[in-house]
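Accompanying notes for the structure given below.
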Amino acid sequence: MARCQHTAKPHSSGTNLTDILTYRYDRQLVYVPVAPSYNEALSHARDAFPQLKDLHDASLSLSLLAPTSGHAPNCIGISAPAWPKLVAHMSRYQIVDVHVSAQQSQACAAAQPIPDITITYADAEDAHAHAIDSDPAPPYQRSDDHDVEDEKAACGARPRSPSTSTLHRKRSWFFQRLTGQ
Numbered sequence: 001m002a003r004c005q006h007t008a009k010p011h012s013s014g015t016n017l018t019d020i021l022t023y024r025y026d027r028q029l030v031y032v033p034v035a036p037s038y039n040e041a042l043s044h045a046r047d048a049f050p051q052l053k054d055l056h057d058a059s060l061s062l063s064l065l066a067p068t069s070g071h072a073p074n075c076i077g078i079s080a081p082a083w084p085k086l087v088a089h090m091s092r093y094q095i096v097d098v099h100v101s102a103q104q105s106q107a108c109a110a111a112q113p114i115p116d117i118t119i120t121y122a123d124a125e126d127a128h129a130h131a132i133d134s135d136p137a138p139p140y141q142r143s144d145d146h147d148v149e150d151e152k153a154a155c156g157a158r159p160r161s162p163s164t165s166t167l168h169r170k171r172s173w174f175f176q177r178l179t180g181q
């Protein structure tokens, strides 16, 4: 895959003619207007990439790739106070990388809402009736004339794990209730 390179051309006058930049996040490129402040630049990033809309400024950062002699370009972070001075020297369409801090993105992923599950009384009754009908084993009753060791041996002889079809029915019932299908 060919890599796009854009070299900055120095401005002949002292004023900045840059009116648009390219923001890059997660292999996506979006043109955005130049922001006069760093906070507005972060706001433009949230507007350009919907997956960033719920993130706070503290979890976002911006950087540029700076060429170095004989080596691959270095990624250099941009601080809030440096933003206005850097913008004055950026070329039109220059790529600005948007980053999400790992701690913040993990915290955001953990904070995603968990869907509520509502089980009506009728659903619970049906599930209870189905469980009673499908379990033929009588409730455990201990008699005094059996030795505890005999009971352990009897328990080990007959596994009580549910059959595959029972598990499938329970999972599909739960999935149907969860998704509303």
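First residue of the sequence shown: 1, per full-length UniProt numbering; consecutive thereafter. Beta carbons are placed, not taken as given, at the ideal position from N, Cα and C, and that holds for glycine.
Contact between the region 66-84 and the region 21-29 is absent: fewer than three C-beta pairs spanning the two stretches fall below 8 angstroms.
Between the C-alpha atoms of V98 and D19 there is a straight-line separation of about 18 angstroms. If you look at P84, you'll find it in the alpha helix (DSSP H) that goes 83-87.
Within the same chain, and ignoring the five residues on either side of S101 in sequence, the residues whose Cβ sits closer than 6 angstroms to its Cβ are S59. H99: member of the beta strand (DSSP E) spanning 95-100, first to last residue.
With respect to the 7 angstroms criterion, S91 and G77 are not classified as neighbours on the basis of their beta carbons. For H71, there is no enclosing alpha helix (DSSP H); the enclosing beta strand (DSSP E) has its first and last residue at 71-78.
Assignment of A66 by DSSP, reduced to helix, strand and coil, places it in the strand class. For L29, the enclosing beta strand (DSSP E) starts and ends at 28-33.
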